[in-house]
Amino acid sequence: DGKKLKITSADGKYSMELFGRIQIDASIADQDDLQNGHDIGAGVELRRTRFGLKGKLGGDFKYKIEAGFDAPSDTVDLEEAYISYVGWKPAALTVGKFKMPYSLEEQTSSRFISFLERGNNNVFAPGKNLGGGVSFGGDNYGVNVAYMFAGDLVDGSDNGSNEDNGIVARATVAPMLDKKGGSLLHLGLSGYYLSDQDGTARFRQRPGIHNADRLVDTGTIANVDDTWSINPEVAFVAGPFSAQAEYSWTQVGRTAGNSDIDLHGGYVYLSYFLTGESRASAYKAGSGKFDRLKTEGAWEILARVSYLDLEDNGITNADRGEQTDYTLGLNHYFNPNVRAIVNYVYADVDHPTGATQDEEAHSLGARLAVDF
Amino acid sequence: DGKKLKITSADGKYSMELFGRIQIDASIADQDDLQNGHDIGAGVELRRTRFGLKGKLGGDFKYKIEAGFDAPSDTVDLEEAYISYVGWKPAALTVGKFKMPYSLEEQTSSRFISFLERGNNNVFAPGKNLGGGVSFGGDNYGVNVAYMFAGDLVDGSDNGSNEDNGIVARATVAPMLDKKGGSLLHLGLSGYYLSDQDGTARFRQRPGIHNADRLVDTGTIANVDDTWSINPEVAFVAGPFSAQAEYSWTQVGRTAGNSDIDLHGGYVYLSYFLTGESRASAYKAGSGKFDRLKTEGAWEILARVSYLDLEDNGITNADRGEQTDYTLGLNHYFNPNVRAIVNYVYADVDHPTGATQDEEAHSLGARLAVDF
Amino acid sequence: DGKKLKITSADGKYSMELFGRIQIDASIADQDDLQNGHDIGAGVELRRTRFGLKGKLGGDFKYKIEAGFDAPSDTVDLEEAYISYVGWKPAALTVGKFKMPYSLEEQTSSRFISFLERGNNNVFAPGKNLGGGVSFGGDNYGVNVAYMFAGDLVDGSDNGSNEDNGIVARATVAPMLDKKGGSLLHLGLSGYYLSDQDGTARFRQRPGIHNADRLVDTGTIANVDDTWSINPEVAFVAGPFSAQAEYSWTQVGRTAGNSDIDLHGGYVYLSYFLTGESRASAYKAGSGKFDRLKTEGAWEILARVSYLDLEDNGITNADRGEQTDYTLGLNHYFNPNVRAIVNYVYADVDHPTGATQDEEAHSLGARLAVDF
Numbered sequence: 023d024g025k026k027l028k029i030t031s032a033d034g035k036y037s038m039e040l041f042g043r044i045q046i047d048a049s050i051a052d053q054d055d056l057q058n059g060h061d062i063g064a065g066v067e068l069r070r071t072r073f074g075l076k077g078k079l080g081g082d083f084k085y086k087i088e089a090g091f092d093a094p095s096d097t098v099d100l101e102e103a104y105i106s107y108v109g110w111k112p113a114a115l116t117v118g119k120f121k122m123p124y125s126l127e128e129q130t131s132s133r134f135i136s137f138l139e140r141g142n143n144n145v146f147a148p149g150k151n152l153g154g155g156v157s158f159g160g161d162n163y164g165v166n167v168a169y170m171f172a173g174d175l176v177d178g179s180d181n182g183s184n185e186d187n188g189i190v191a192r193a194t195v196a197p198m199l200d201k202k203g204g205s206l207l208h209l210g211l212s213g214y215y216l217s218d219q220d221g222t223a224r225f226r227q228r229p230g231i232h233n234a235d236r237l238v239d240t241g242t243i244a245n246v247d248d249t250w251s252i253n254p255e256v257a258f259v260a261g262p263f264s265a266q267a268e269y270s271w272t273q274v275g276r277t278a279g280n281s282d283i284d285l286h287g288g289y290v291y292l293s294y295f296l297t298g299e300s301r302a303s304a305y306k307a308g309s310g311k312f313d314r315l316k317t318e319g320a321w322e323i324l325a326r327v328s329y330l331d332l333e334d335n336g337i338t339n340a341d342r343g344e345q346t347d348y349t350l351g352l353n354h355y356f357n358p359n360v361r362a363i364v365n366y367v368y369a370d371v372d373h374p375t376g377a378t379q380d381e382e383a384h385s386l387g388a389r390l391a392v393d394f
Numbered sequence: 023d024g025k026k027l028k029i030t031s032a033d034g035k036y037s038m039e040l041f042g043r044i045q046i047d048a049s050i051a052d053q054d055d056l057q058n059g060h061d062i063g064a065g066v067e068l069r070r071t072r073f074g075l076k077g078k079l080g081g082d083f084k085y086k087i088e089a090g091f092d093a094p095s096d097t098v099d100l101e102e103a104y105i106s107y108v109g110w111k112p113a114a115l116t117v118g119k120f121k122m123p124y125s126l127e128e129q130t131s132s133r134f135i136s137f138l139e140r141g142n143n144n145v146f147a148p149g150k151n152l153g154g155g156v157s158f159g160g161d162n163y164g165v166n167v168a169y170m171f172a173g174d175l176v177d178g179s180d181n182g183s184n185e186d187n188g189i190v191a192r193a194t195v196a197p198m199l200d201k202k203g204g205s206l207l208h209l210g211l212s213g214y215y216l217s218d219q220d221g222t223a224r225f226r227q228r229p230g231i232h233n234a235d236r237l238v239d240t241g242t243i244a245n246v247d248d249t250w251s252i253n254p255e256v257a258f259v260a261g262p263f264s265a266q267a268e269y270s271w272t273q274v275g276r277t278a279g280n281s282d283i284d285l286h287g288g289y290v291y292l293s294y295f296l297t298g299e300s301r302a303s304a305y306k307a308g309s310g311k312f313d314r315l316k317t318e319g320a321w322e323i324l325a326r327v328s329y330l331d332l333e334d335n336g337i338t339n340a341d342r343g344e345q346t347d348y349t350l351g352l353n354h355y356f357n358p359n360v361r362a363i364v365n366y367v368y369a370d371v372d373h374p375t376g377a378t379q380d381e382e383a384h385s386l387g388a389r390l391a392v393d394f
Numbered sequence: 023d024g025k026k027l028k029i030t031s032a033d034g035k036y037s038m039e040l041f042g043r044i045q046i047d048a049s050i051a052d053q054d055d056l057q058n059g060h061d062i063g064a065g066v067e068l069r070r071t072r073f074g075l076k077g078k079l080g081g082d083f084k085y086k087i088e089a090g091f092d093a094p095s096d097t098v099d100l101e102e103a104y105i106s107y108v109g110w111k112p113a114a115l116t117v118g119k120f121k122m123p124y125s126l127e128e129q130t131s132s133r134f135i136s137f138l139e140r141g142n143n144n145v146f147a148p149g150k151n152l153g154g155g156v157s158f159g160g161d162n163y164g165v166n167v168a169y170m171f172a173g174d175l176v177d178g179s180d181n182g183s184n185e186d187n188g189i190v191a192r193a194t195v196a197p198m199l200d201k202k203g204g205s206l207l208h209l210g211l212s213g214y215y216l217s218d219q220d221g222t223a224r225f226r227q228r229p230g231i232h233n234a235d236r237l238v239d240t241g242t243i244a245n246v247d248d249t250w251s252i253n254p255e256v257a258f259v260a261g262p263f264s265a266q267a268e269y270s271w272t273q274v275g276r277t278a279g280n281s282d283i284d285l286h287g288g289y290v291y292l293s294y295f296l297t298g299e300s301r302a303s304a305y306k307a308g309s310g311k312f313d314r315l316k317t318e319g320a321w322e323i324l325a326r327v328s329y330l331d332l333e334d335n336g337i338t339n340a341d342r343g344e345q346t347d348y349t350l351g352l353n354h355y356f357n358p359n360v361r362a363i364v365n366y367v368y369a370d371v372d373h374p375t376g377a378t379q380d381e382e383a384h385s386l387g388a389r390l391a392v393d394f
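Protein chains in written order, with the working numbering: chain A, 23 to 394; chain B, 23 to 394; chain C, 23 to 394.
Laid out in structure tokens, this is it:
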């Protein structure tokens, strides 16, 4: 369409295109009621700067390479690098480094999520890791199963060594879907079983603003055997109105003599387009996620409650506890590729007796984001 | 024009293009009169290897991502990543990581500067940093004001944390400008006020050859409150002849009980195109800088004196002192995208009594550079 | 041809194109007979993820920039960055970081080599380094001479400082060549003389699988003066059958009072295309190497013996010794850009008395590779 550097061979079997994104964040906070040296403060950061190449080779093979400079780092990471075989439609076989199939919001690209940061349960997502998988989907369903070979389950970050191996899977269905008419009911279930190779795990979360410190933190959990998680999800769209919710239960299984640890969290949010657009139009049923909203000048208002419980018997870290974030959001879509986000977040953190004192913070964050 | 990977949508509102540069340097030196372990020696380096993506999104937004491998590092840095809003012409609003508006030579890309390295006053330039700014310009003037959020003022390098915050601004005017006729008088003034967040600053400079050690160095200055700088600039072009000069005065303000520190430096250079081209044709008035000279086979001869004073009361580092570089240059433009530079530099360094002994060095450096 | 992002100006003098590769490896091993803590084990890795830009500027100049994320690192390296002058045909002058002209298999891109890993003598290849060189070739010969400015001779890896300087050269001839008819006799000779700047050298090698530990290792050799190497090579193709062999002799010259060290190794392999293709069609005479095989659905079977002797008087490291790898290979070419490789490797390692005990291992490795 002349909008981006993409070329396709005459027979349609070969193609190559460039893509990227820039997300710039700014935030301020009232942090008088933070404890234990926690800091949110004012800050500006290049939240994500990424670019890459993808294409088709001979009709049946696809590839993608994406490199990224994400805050606070000024160095580059290999976000994704994978090869897919799509010759057995509707199935696709994928090997390499790619996003593990867990959680609706995790599957939705950071280019298209509704708030500055994903809900608190995203702490349980395995993220992008080495693996192999099969996915298939149709007009109203999607299934994605992967075997993950690498990645330590610490904030979903990948440490590059083969730490956690196991199955990650997700299935979604849209019993009601009318993209033009603006209606959608999406139901999904994902989960994983990961065998832990280095015997440790850690979960910690920021209060809805990336520039903030993590206010709840399990610390390093030792004697870990395996981790399993289950995450049901639902999204409902009726014209300009939509609602979305997820909840994750994660159990860290430990070696004999150590008690297992149960952690959980989730979110529910409401969105309304003042300008009448419908999120149903951006839904992709085959992969069960939201994609680009093709609009110019849209205004969207949002509200979210996001909860996380990172305390259980056997966790002794001072920052263990429960974090509840209340977020009000306002999004403006300048055009399909440029978006501004403003979020006000009130974070309410309860640490148990004997741990860090309870905390509260008010933050205001904004993002200007382009993708291409 | 078929020369580079660029695509523009039919309505002209969207575009995307790739760009890059490679600069390869070689140098030798007579360093018998260097002191304090200083080394220039012989060397070859990939001075700059950079590439990136830029484009337009919906007419009113522009973006740029540039990554670079610069010597001596074999790792990559994010050179620039910003988003601009150009919907309120002639103003452009920019946020992200970009070059702060200070000094004519700093604003002129390393693809188009006249010598291997910029003049000695470039040590005071804040460089590329996180910030937000507004710029506007016309047929014979340009104004650029930015608020810088990050970047420690150590050789103008960015350390990635929010160290120095403040205003950087530059205004230029061209009272005489005839690009085709080959005449230009350019006047400009830039400066900054930066509030120092970590209490330290450091300035040091190489003698006109990147492979060389820094011969003058303030060392780390402690108890720093703020830094301000002012930099007037002038360029004059009459046909194939041109002259250019800048001078910077920088004051490092310190906390009570510590004396403020005054540093300064500048350069003046003359250029003559044996083949008749005029630098006026490469001038961009709206941003007050020099751009690509569109020529094939041009030969340019140059001479420069560049001075820097990095000593004052309160600086105790052994390498404090004054450095004067005398440079003779010869440039050949194979075509608009390929250029060779040869510089002979005589560096004369005066360290005060009690510091390093005085130093002298003769260097010969060459560069082959392509950009696309 | 519409298959990749490449653009050429109307006059053919300017061009720009994108390229890249992804190689994903998996391996398992029986390592009961390994010693000294050596490990092969099971593993999955992104063997190579690279992309870059190349082009022509004004007819007579070419450039290339390639960045790569290679296992096990998740960080990026500058693989190549060079500028070539091709105005004096058939000669090309090149400066920058490029692959030093040594060994047929080293010159053949990892996209086109016949096994997962190159033969054991590849340990002596200087690899990609800063330098300047001249190359020329014709319909049945190629000559390439380079002066290398940088790169320490440790596994051919470049440590970024100017460690080993010297001459690297290679000449090849194809006395018999019929690319369409499928016949080729290729003869070549390469070698180098490198003056060692840091006084140390080290050579070590894996048993044909990248995920494996190095089983033979000279350890760091001290008191090194210089290194010279010579590497004759031969390849013969008759229709679907081909044979290829190389052998390297490398001498590490040492300072007075230390004995020189002689190391050597090589390989011979046989290949047969069950589907009838001929490797002669992929031969590039002017640079004396194999390039892309343009085929769809080809099956190739292979067998290789690869030997390396990393022991001599003066080497005391426990892992010194001889490694012989016996490899059976099966390659499938899905199309010219997508290839799968399966290798079974039996490694037989003899360490001398007093060093590590003798070792044996059986490995099975596979790769899915795309390039574009």
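Cβ atoms here follow ideal geometry from the backbone N, Cα and C, with glycine treated the same way.
Under 8 Å, with one C-beta from each stretch per pair, do the region 372 to 391 of chain B and the region 198 to 208 of chain C reach the 3-pair mark? no
Please list the partners that A:Ala103 has in chain C, where partner means a Cβ-to-Cβ separation under 9 Å. Ile44, Ile46, Leu68, Thr71 and Phe91
Beta bridge counterpart(s) of A:Ser385 as assigned by DSSP: A:Ala51 and A:Val367
For chain A, is any of its Cβ atoms less than 8 Å away from the one on C:Asp180? Low confidence applies here, because C:Asp180 scores a pLDDT of 43, under 50, leaving its location unreliable; read the following figure in that light. No, no contact with chain A.
So with Cβ pairs under 8 Å, would you call B:Lys214 a contact of chain A? Lys is not the amino acid found at residue 214 of chain B; the sequence shown has Tyr there. Taking Cβ atoms only, chain A never reaches closer than 8 Å to B:Tyr214, which makes this a no.
Give me the chain A residues within the contact set of B:Met38, using Cβ-Cβ distance strictly less than 7 Å, ordered along the chain. Lys26, Leu27, Leu40 and Phe394
Evaluate the contact criterion for the region 38 to 45 of chain C versus the region 244 to 259 of chain B: three or more CB pairs, one atom per stretch, below 8 Å. no
Between which residues of its own chain and A:Gly182 is the CB-CB distance below 6 Å, once the five residues before and five after are set aside? For A:Gly182, the predicted model reports a pLDDT of 42, less than 50, meaning its position is unreliable; a value from the coordinates is still stated below. So the list is empty, once near-sequence residues are dropped.
B:Gly63 versus B:Ile363: straight-line alpha-carbon distance, rounded: 19 Å
Going along the chain, which residues of the region 143 to 154 of chain C sit with their C-beta nearer than 7 Å to a C-beta in chain B? Leu152
From the DSSP secondary-structure annotation, give me the bridge partner or partners of A:Pro254. A:Leu211
Is there a Cβ from chain A that is less than 8 Å from the Cβ of B:Phe171? yes
At a cut of 8 Å, does the region 153 to 169 of chain B reach the region 257 to 273 of chain B through at least three beta carbon pairs? no
CA-CA distance, B:Asp61 and B:Asp235? 6 Å
Less than 8 Å between the beta carbons of A:Gly77 and A:Lys35, yes or no? no
Nearest chain A C-beta to B:Ile87 closer than 8 Å, yes or no? yes
Where the region 264 to 292 of chain A meets chain B: residues whose CB sits under 7 Å from a CB there: none
Would C:Asn184 pass as an interface residue toward chain B - the criterion being a Cβ-Cβ separation below 8 Å? Note that C:Asn184 has pLDDT 48, beneath the 50 cutoff, so the model's placement of it is unreliable and no number is given.
Return no unless some Cβ of chain A is closer than 8 Å to the Cβ of B:Thr97. yes
Let me make sure I understand the geometry here. Which of B:Ser106, B:Ser132, B:Ser31 and B:Val117 has the alpha-carbon closest to that of B:Arg70? B:Ser132
Give me the Cβ distance between C:Val117 and B:Ile46, rounded to the nearest whole Å; I'm assuming they're in contact under 8 Å. 5 Å
Residues in the region 345 to 367 of chain A having any Cβ partner in chain B nearer than 9 Å: Phe356, Asn357, Pro358, Asn359 and Val360
Check this for me: beta carbons of B:Ser212 and B:Pro112, under 8 Å apart or not? no
Let's see if you can read the secondary structure: which residues bound the beta strand (DSSP E) around B:Glu128? No beta strand (DSSP E) contains B:Glu128, which is instead part of the alpha helix (DSSP H) from Leu126 to Gln129.
7 Å Cβ shell around B:Asn142 - same chain, five flanking residues per side excluded: Gln227, Gly287, Tyr289, Ser328, Tyr329, Leu330, Gln345 and Asp347
Beta-carbon of B:Leu206 versus every beta-carbon of chain C: anything under 8 Å? no
Would you mind working out which of B:His384, B:Leu68 and B:Lys311 sits nearest B:Pro94, comparing C-alpha positions? B:Leu68
Would you grab the beta carbon distance between A:Asn233 and A:Ser106 for me? Rounded to a whole angstrom, and I think it's under 8 Å. Not confirmed; about 35 Å, so no contact.
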